[in-house]
Each structure stands twice: as structure tokens, then as C-alpha cells.
């Protein structure tokens, strides 16, 4: 009888391990939520008398992404919808439950300060990229994606949110 009890305990332990493994699989990193995939744009935010800021987010089914922040400054030699500078993060992402984790592998930036000949700067530095890798909670409601994350405008974290509209 003792052998039978020992065998039952081993079987129960195995069942428990398998059940935990299956439960973990359902919460594990997997393909992105279909509602999250697509192109998103933020509204334009005024940053001064003649300037504004806008960001574009693209989440693709292959779990790659780009996030481009564009600055617009009204200048006589520049079209109103022409960006005067941008910074673009390129990389991969994963989704875990209601959280989105980004991992940039390349940062591309450009500033028109020197005119049309201003160089594009590409950074492929794992240390810098890691500084921008972060997790954020997300919510998709109809055609709006809202991201909730911590920002660091000073020396303490601040709960922040950003909303994007789906681009069709």
C-alpha cells in the first residue's frame, strides 16, 4: 500500500507540474493581439508658438515595430507638414497579457538644422537601445490604442499615458 501511495503522489506531482506548465503557456509570450497590430498615429501636440510634435507607431504581425517621433517647426522654407526632425526606434516587441514590451535594436535620427544636407544618424548600440527597452500596459478600445507607462521628466518616475488613433 505504501508503494501505491508513493506512486499516487508521484503521479499527482507530475499532473501538477503539467497543469502549471500549461497554465504558464497560456500566459507566455505569444503572437500579438490582433487588435494591436497595425499603424497608429498620435494627435499633434503643440510644443510652442510655431511648433508641434507627433508620433507614429507601427506594430507588425512578425513582432517588429517602429516608433517615430516627428517635430514640426514652421519655417518659410519648409512645407507645413514637413518634419523638421525625427527620431525613429526600430526593433521587436512581445505581448504578455495586457502588456507590450519593446526591444529597440536601431535608433535613427535626423534634424534639418543644417538644411537638406543634414546627416541621418543611425545608432546600433545595445547599451543605448536597452535604455529605451521598456514594458507598458496597453488598451485597445475601438480605434484607439492607449499605452500606460512610466516616464522620467525629472528625477522621479511619473505615470504617463499616450493615445494613438488607428491609421487606415
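Residue numbers (our numbering): 43 to 210. All C-beta atoms in this analysis are idealised placements derived from N, C-alpha and C, irrespective of residue type, glycine included. Just so you know, these numbers come straight off a predicted model, no measurement behind them.
So the candidates are the options; which of them puts its Cα closest to the Cα of residue i?
| i | options | result |
| --- | --- | --- |
| residue 90 | 114, 201, 157 and 192 | 114 |
| residue 166 | 149, 153, 178 and 182 | 149 |
| residue 135 | 177, 203 and 76 | 177 |
| residue 203 | 104, 186, 81 and 209 | 186 |
| residue 130 | 103, 102 and 97 | 97 |
Should residue i be labelled buried (16 or more other beta-carbon atoms within 10 Å of its own) or exposed?
| i | result |
| --- | --- |
| residue 138 | exposed |
| residue 155 | exposed |
| residue 87 | exposed |
| residue 157 | exposed |
| residue 179 | exposed |
From which residue to which residue does the beta strand (DSSP E) around residue i run?
| i | result |
| --- | --- |
| residue 79 | Careful: residue 79 lies outside any beta strand (DSSP E) and carries neither H nor E. |
| residue 204 | 200-209 |
| residue 141 | 141-153 |
| residue 112 | 106-115 |
For a test of the three-state rule: what should DSSP assign to residue i, helix, strand or coil?
| i | result |
| --- | --- |
| residue 88 | strand |
| residue 43 | Note that residue 43 scores 45 on pLDDT, short of 50, meaning its location in the model is unreliable; the coordinates nonetheless yield the value given after this. It is coil, neither helix nor strand. |
| residue 93 | strand |
| residue 126 | coil |
| residue 192 | strand |
| residue 57 | Because residue 57 carries a pLDDT of 27, less than 50, the predicted location of this residue cannot be relied on, and the following value inherits that uncertainty. If DSSP states are grouped into helix, strand and coil, residue 57 belongs with the helices. |
| residue 160 | coil |
| residue 197 | coil |
| residue 181 | strand |
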